[in-house]
Structure formats: structure tokens, C-alpha cells
Amino acid sequence: MDMPAELSDVELCASWGWEDPPAKVMTEARSFLSARSKRSGDYLVECNVITRDELERMLSTKPDHIQTLEWIVQHHDTATPYYDRFLAYADGIAYYDTLQGFTPHECMKEKAVLNECERGDFVVLATDRNVPVLVAGSIQAYYLRKSLGRTDRAKSAVLSHLRNLEQVDALLYAVSRRDQVAAFLNLARNRQSDGGAGVYDESAVWIGSSIDTQSRPESRELARILDTAIQNNATDIDMRTQPDGSLSVLMRQFGDLRAIGPTSISAEIGPRALSFLMRRSGANPSGTRMREPNDGHLHYRGSNVDVQLRLSFIPLNHPGETVQQMSTSIRIMRQEQSSIELGKLQLEEKVVDDLTYALRLTQGLIIVAGPTNTGKSTTIAGAVGKHVSMFGSKQKRLSVEDPIERWVRGLTQIQVPHQDHDSEGDRFNTITRAVKRHDPDLIWLGEVRDRETAEACVHYASSGHIVLSTLHATDCLVALDVLAKMVKPDQRFQLAESMLLVVSQRLVKQLCPHCKKVQDITEEEKRLVVKYAKSIGAEDYEIPEVGAYPVGCDECTGGYVSILPINETLPVTRDVKDAWLVLLERSDSASRQVIYRARSVTLLQAALQRVRMLQTDIAQVLV
């Protein structure tokens, strides 16, 4: 946005749509005017985010191809909240640190508009002149909204409503914080005349608190459980209806279900808590008795947390039941925006080397395979971070995800709405076609789950893009087999030629350094490892003589403090591609051995190395 050099704060507020701006808008305008002529580093020093000495030290090590702000954020966590603010200032975009006290625009009375706001991470407020202002929850969401094509603009419920009000040409844009956008959206929803909590598709936002005496008891109790799970780094919550209507509660921590914090919800609140989750997540908007399994999604914002919840509900349908028996599983996916460094994920050096080499290439497919909840997306986020550190803003990165499990700096992320709610049909294909026109260098397709996503991976990887995705498969060879069966037979050659690297991943429990017991590994334990190795066809491995074992103390949970990745990597060389193509035609043990021997490191070798380093116990080897 071009501005006069001597623009006043009042004139700037007027350009933002305010005739008599409130004090907080004036404050934002003055901050904008103060920062617009500064460099990012000087601005952060002025805001007391970093010192001048820290800035000089960071600049002395900054690669030329990485922008200063990106480099500072990567090495100084306290700078993260200022990232979107400064980028908005640099591009002449209004930034509101808070939306508290603003008024939702009248278009947000429409359910279709609310749904679009939830999908796009934005809201529409009205200024004192009733000018509509579209406020995005991040600079990324702003750019995505501004880059809508003609077709998407024609379908937009927001723009359609503003056209009817003859205000579409008056629409202004701004950026705010994601938590502020979510709270504002919640306010707009509560103003709906039908009070339709939970009737909106696409991941409703629930702002929960265990101490809010004005909220319903079921909301407070669920918030207490979720806050406890998040504070204890639990990945899942398991809830089951008991015969009396109460709910038992267990949390998955370090791979095991544990009784952490609240272990039950009373019979009085239990059925209402289940109904709340099913309605708000969209799994059962009508609130009628559920007879078939269903899934839902929900954004939860609690005490300094921002997580995505993926919920699965399975009715148990017991004969003669007096209350609905339900098994509920809640997956917790943290939504904090971060720059994940590949080198800090505790991956083995060979794994980092293989990933780094593959990312340096200009096209090809990288797959991270493994069972559910083994950190696959975290490893890919680390790979994206590595790509950012290598190429900075010189290359463009896009993702297509359902759902977005974490916000990754340097990556433009696109949420795929569920097809059930898309009147136009195949939303995924529409988005993937649009992605190619967006000129990306790197594409992250969240998960290869069907023929559509598999063929999209092949198409992008063989047409000048680096593509990353995850896959549910037990090891590298199985991953190749699963992928080949997902695409059409006439695309298998193209798939093999485009493949760069397969990484298989598991998680093992990390022993507590304060109480672990070091002793000789027994002959029985060695025998079990040998038996396991034979079952998976492993040959090149060595069992250590000494290991460590869990004990338990005040510093840990049952002798463990965290989880660690173990990996198998398969660089897809020319020999591997030829052997794979043979296996696609017929069973051939020699070709299979070519692929097995091409692995840089195996899961068994990686697990035994963790044992040798006294990081995990021998029982974790049997993965």
C-alpha cells in the first residue's frame, strides 16, 4: 500500500475505515507509522524483544539467502509473536493485536459466512463507519484470501453478502492473532438467533475454561480434562461410557494409556459432555441417538493453548442398555506456529543426511511412513524447516492438509474442507489443481490415504516439484508396495521414477536419566531380540551387552520422561527403482534383497543403537 511520507495517525485510521477510531486503533496506527521505516532487527530491538548485541551476533551468522526476520525467529522464540505484525507493517496492512470490543459485521449473521470464516481463518468486523474489514488470523491466511481466483471469489459467501449490501468495493483487509480471530468468531456465533452451537461444519472453535463459572458444567469438566492432557503432553484421550452413564477417562502418554488427572466424569454430566462433543465437532449435529460410527473435528482454545481435536465416536449398542454406550477417542494436535529444526528432532545422523540430500533436489517424492501417532508429520515439518534454512524465501512452499496438525513457519498451509459439506463436489481435486497454478517449489500433501492423493503425489513429483507426504505402512518396503497398489497400473513406472526417499518411523520411550538402572542384558532378552529379527528378516545387527531399565522417581512417569524417534531410511537409487519395477511384475527374492540392502539404517539397528546409548530399554526394540 503506497502512503504519503508524512501520513498522520488520524489519516491512517481513516484509510483503515475509522472516522472516530477507538484508542486501541490509534495505538496500532502509531505503532504502524513508527515501524514502517525500520528494519526488522531494529524494530525487534526497539520492542525489547532482543538486545542490540544479540541482533549483531545473529546477523554475523545469517546466511545471505535468509531474510533477517526469518533468521531471528528461528533462533529467538520471543520474536515469534512479532513475525506477522512486522510483515503486515512491511506490506502496508493494518494489524490489530486485539479484536476485543469490535463489532461483527452484519454479514456474520449468516451461517454460510461463519463456515467460510472458520475454513479461511478470518472474521469480518464493522468499523464506526460500518466499513467491512476482513481480519485474517495470520499473515498467511491474509495472503491466501487475497489470492483467491475468480471462481472462488464468485463462490464466496462473504463477498456475495457484501455485494447484496453494495459494500464489496468498500471491503478492507487487516491481520490479527489467531486466538483473537477465534474468540471473535465465537462471539459472532453466539449472537446467532438460533443459538446454534455445534451446527456449523468445518471444525468449530470452542473456547473452553475449567474456571469459568458462567459456562455449562459439561464444558468446564471437558476443559479441565483437555487442559490436563495438554499440560502432560498426552497425545490422545480415551473416554468410555459406563453402565451408570458416567465416563471413564484415560490419557495416552509416551505410547501407553494412563490415569492422569481426572479419571471419570459423573453420570450426571457424562451424557451431556458426550452430546456436547458430538454436536460441536459436527459428528452428530442433530443431537439424536447415534447408531453408526462417526468422526468430528474441533478447534479447542484453553489456557494458553491452541489445539486441533480429531474425535472418533463408536456406539457400542449393548443389548438392554438404558443409556447410550459410546467409545470416544480424542486425538490432540497442537496448533502453535513454529519453525521446527530437523537437527533438533533427535533423528539419527544418517536419516538427517538422507533427508537433506533429497531436499536439495528440484523434484521427486519423499514419503515418511509408519503407524498412527509416530511423529510422521513432525518429521516432515522438520524437513520443511530444513528446506527453509537452505533456500529461505527464494523458494515457495505450499501444503494441502486435512486437518492442519500444526502451523509451520515458511509454509503456506491450505485446509481441505470435508467433502460432505462441499456442494460443488470434489474439493480436494479443485485445491490440488489450484496448487499447481500457485507456482510452488515444495508441496506437502498431508497424507497418502487413497488413489486421489497417491496420483496427486506422482503428478507433482514428476512435474518439477519436491513433494512430501505421510503414509500408514510398517516399513520402507511395505510403503513401496502400498503406494504402488494405490495408483493405476499404467502410473507405476512414473511413481518409481519420481520416488526419492522413503523414511519409516516409530517412537520409543526415553528413560529417565535420574533413576534408570544400568545392568547386563539377559540371555532371555537377547533370545527374544534374535527371534524378532528372524521374523522380520533382519541380518545386520548387534545386540549390546549392557542396557538400562526403567525404575520410576519424582522426575518421571514410570521410569520414562519422553519419547524418541527410531527410523529406517531407503534412498531410492537406480538399483532400487529397477528392483521395485521387477517386484511389481512378479515375486522375486533377489530384487527384494536389493531393496533391503539399500537401506541406510533399519528400524532394528536404530532401536538397538538407542539401547546401546542407554536412552531406552531393550523391551522397546520389539517394535
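The sequence shown maps to residues 85 to 707 in the numbering used here. Note that the Cβ used here is the ideal one computed from N, Cα and C, for glycine as well.
Which value, in whole angstroms, describes the spacing of the CA atoms of SER477 and GLN151?
-> As a first step, residue 477 is located in the sequence shown; it is residue number 393 there, counting from the start. As a first step, residue 151 is located in the sequence shown; it is residue number 67 there, counting from the start. In a straight line, the C-alpha of SER477 is about 7 Å away from that of GLN151.
Inter-residue spacing [alpha-carbon to alpha-carbon] between CYS97 and THR111 | Counting from 1 along the sequence shown, the entry for residue 97 is found at position 13. Counting from 1 along the sequence shown, the entry for residue 111 is found at position 27. Looking at the two C-alpha atoms, the distance is approximately 10 Å.
So, using beta-carbon positions, are THR235 and GLY101 closer together than 9 Å?
-> Here the question's residue 235 lines up with position 151 in the sequence shown. Here the question's residue 101 lines up with position 17 in the sequence shown. Their beta carbons are not under 9 Å apart, which means THR235 does not touch GLY101 by this criterion.
State the Cα-Cα distance for the pair THR135 and ARG123, rounded to the nearest angstrom.
-> Looking up residue 135 in the sequence shown gives position 51. Looking up residue 123 in the sequence shown gives position 39. The alpha-carbon atoms of THR135 and ARG123 are separated by roughly 14 Å.
Residues near LEU358 by beta carbon distance below 6 Å, same chain, minus five either side = Within the sequence shown, numbered from 1, the residue matching residue 358 stands at position 274. Answer for LEU358: MET410, listed in chain order.
CA nearest to the CA of TYR625, picked from LYS434, ALA691, GLY427 = As a first step, residue 625 is located in the sequence shown; it is residue number 541 there, counting from the start. It is ALA691 whose Cα lies nearest to the Cα of TYR625.
Residue span of the beta strand (DSSP E) that contains PHE206, given as start and end | Residue numbering aside, residue 206 sits at position 122 when the sequence shown is read from its first letter. Element bounds for PHE206: 206 to 210.
From the DSSP output, in three-state form, read off ALA540 for me.
-> Position 456 of the sequence shown, counted from the first residue, corresponds to residue 540. Judged by DSSP in its simplified three-state form, ALA540 adopts helix.
Is GLY466 near the ligand ZN, judged by its Cβ being under 8 Å from some heavy atom?
-> Because no ligand of any kind appears in the structure shown, any question about the ligand ZN cannot be addressed here.
With a threshold of 16 other CB atoms inside 10 Å of the CB of TYR441, please say whether the residue is buried or exposed.
-> Translated into the one-based positions of the sequence shown, residue 441 becomes position 357. Looking at its Cβ environment, which holds fewer than 16 other Cβ atoms inside 10 Å, TYR441 is exposed.
By how many angstroms is the C-alpha of LYS593 removed from the C-alpha of THR641?
-> Working through the sequence shown from its first residue, we reach residue 641 at position 557. Working through the sequence shown from its first residue, we reach residue 593 at position 509. Approximately 11 Å, taken between the alpha carbons.
Can you tell me the Cα-Cα spacing of ARG363 and SER303, whole angstroms?
-> On the sequence shown, position 279 is the one that residue 363 refers to. On the sequence shown, position 219 is the one that residue 303 refers to. Those two C-alpha atoms are separated by around 12 Å.
Under 8 Å Cβ to Cβ from ARG481, same chain only, skipping five residues before and after it: list those, please.
-> Taking the sequence shown and counting its residues from 1, one reaches residue 481 at position 397. Only VAL468, HIS471, VAL472, GLY494, LEU495, THR496, PRO524, ASP525, LEU526, ILE527, TRP528 meet the Cβ criterion.
Can you tell which of LEU228, VAL197, LEU612 has its C-alpha closest to the C-alpha of ALA703?
-> The residue labelled residue 703 in the question sits at position 619 within the sequence shown. The shortest Cα separation from ALA703 among LEU228, VAL197, LEU612 belongs to LEU612.
So, MET335 versus ILE344, is the Cβ gap smaller than 9 Å?
-> What you label residue 335 is simply residue 251 of the sequence shown in a count that begins at 1. What you label residue 344 is simply residue 260 of the sequence shown in a count that begins at 1. Result yes, Cβ atoms of MET335 and ILE344 sit closer than 9 Å.
Spatial neighbours of THR237 within its chain, please: CB distance less than 8 Å, with the 5 preceding and 5 following residues excluded, ordered by chain position.
-> Indexing the sequence shown from 1 puts residue 237 at position 153. Correcting the residue type first, residue 237 is Arg in the shown sequence and not Thr. LEU243, listed in sequence order.
Grab me the residues of ILE314's own chain with a C-beta within less than 8 Å of its C-beta, minus the 5 sequence neighbours each way, in chain order.
-> For the purposes of this step, residue 314 is identified with residue 230 of the sequence shown, where counting begins at 1. In its chain, beyond the 5 residues on either side, GLY386, VAL389, VAL391, ILE416, ARG418 have a beta carbon closer than 8 Å to the beta carbon of ILE314.
Should LYS618 be labelled buried (16 or more other beta-carbon atoms within 10 Å of its own) or exposed?
-> Residue 618 sits at position 534 when you count from the first residue of the sequence shown. Exposed, by the Cβ-count rule.
Just reading off the alpha helix (DSSP H) that ILE464 is part of, what are its end residues?
-> Walking along the sequence shown from the start, residue 464 turns up at place 380. It spans 460 to 475 - the alpha helix (DSSP H) in which ILE464 sits, taken as one unbroken run.
Taking one C-beta from the region 259 to 270 and one from the region 160 to 178 each time, how about it: are there three or more such pairs within less than 8 Å?
-> Inter-segment contact for the region 259 to 270 and the region 160 to 178 is present: three or more beta-carbon pairs are separated by less than 8 Å.
Cβ neighbour criterion (16 or more within 10 Å) applied to HIS598 | As a working note, residue 598 is residue 514 in the sequence shown. Burial call: exposed.
What's the gap between the Cα of GLY448 and the Cα of VAL333?
-> Here residue 448 is taken as the residue at index 364 of the sequence shown, counted from 1. Here residue 333 is taken as the residue at index 249 of the sequence shown, counted from 1. Each residue's Cα considered, the two are about 44 Å apart.
Which residues in the same chain as ALA557 place their Cβ atom closer than 6 Å to its Cβ, once the five residues preceding and following it in sequence are excluded?
-> Start at 1 with the first residue of the sequence shown, and residue 557 comes out as number 473. So the qualifying residues of the chain are ALA453, ALA563, VAL566.
Could you check the C-alpha separation between LEU561 and LEU269 for me, to the nearest Å?
-> Your numbering for residue 561 matches position 477 in the sequence shown. Your numbering for residue 269 matches position 185 in the sequence shown. The alpha-carbon atoms of LEU561 and LEU269 are separated by roughly 46 Å.
So, ILE414 versus ILE488, is the Cβ gap smaller than 9 Å?
-> Position 330 of the sequence shown holds residue 414. Position 404 of the sequence shown holds residue 488. Contact: no.
Unbroken stretches of the beta strand (DSSP E), 3 residues or longer, contained in the region 561 to 631 | 583 to 595, 601 to 604
Sub-9 Å separation of ARG521 and GLY204 beta-carbons = Here residue 521 refers to the residue found at position 437 of the sequence shown. Here residue 204 refers to the residue found at position 120 of the sequence shown. No, these two residues do not count as a Cβ contact at 9 Å.
For GLU103, the three-state DSSP class (helix, strand or coil) = Here residue 103 corresponds to residue number 19 of the sequence shown, with the count starting at 1. In this structure, GLU103 counts as coil in the three-state DSSP scheme.
Jot down the residue ranges of each uninterrupted beta strand (DSSP E) in the region 199 to 250, minimum 3 residues, whole runs only, in chain order.
-> 206 to 210, 216 to 220
Three-state secondary structure (DSSP) of PHE397 | Numbered from its first residue, the sequence shown carries residue 397 at position 313. The answer is strand: DSSP assigns PHE397 an E or B state.
Rounded C-alpha distance that separates GLY221 from GLU190 = Residue mapping note: residue 221 aligns to position 137 of the sequence shown, counting from 1. Residue mapping note: residue 190 aligns to position 106 of the sequence shown, counting from 1. GLY221 and GLU190 have their alpha carbons spaced roughly 19 Å apart.
Alpha helix (DSSP H) segment containing GLY427, residue limits | Working through the sequence shown from its first residue, we reach residue 427 at position 343. Looking at the DSSP string, GLY427 is not in any alpha helix (DSSP H), and its letter there is neither H nor E.
Would you mind sorting GLU154 into buried or exposed? The rule is 16 or more other CB atoms within 10 Å of its CB.
-> Taking the sequence shown and counting its residues from 1, the one referred to as residue 154 is at position 70. That one is buried.
Beta-ladder partner(s) of MET410, from DSSP | Stepping through the sequence shown from its first residue, residue 410 is reached at position 326. DSSP output for MET410 lists PRO399 as bridge partner(s).
Terminal residues of the continuous alpha helix (DSSP H) containing ALA663?
-> Counted from its first residue, the sequence shown places residue 663 at position 579. Run containing ALA663: 658 to 669, per the alpha helix (DSSP H) assignment.
Specify, as a first and last residue, the run of the beta strand (DSSP E) that ASP379 falls within.
-> Translated into positions along the sequence shown, residue 379 becomes position 295. ASP379 -> beta strand (DSSP E) spans 378 to 385.
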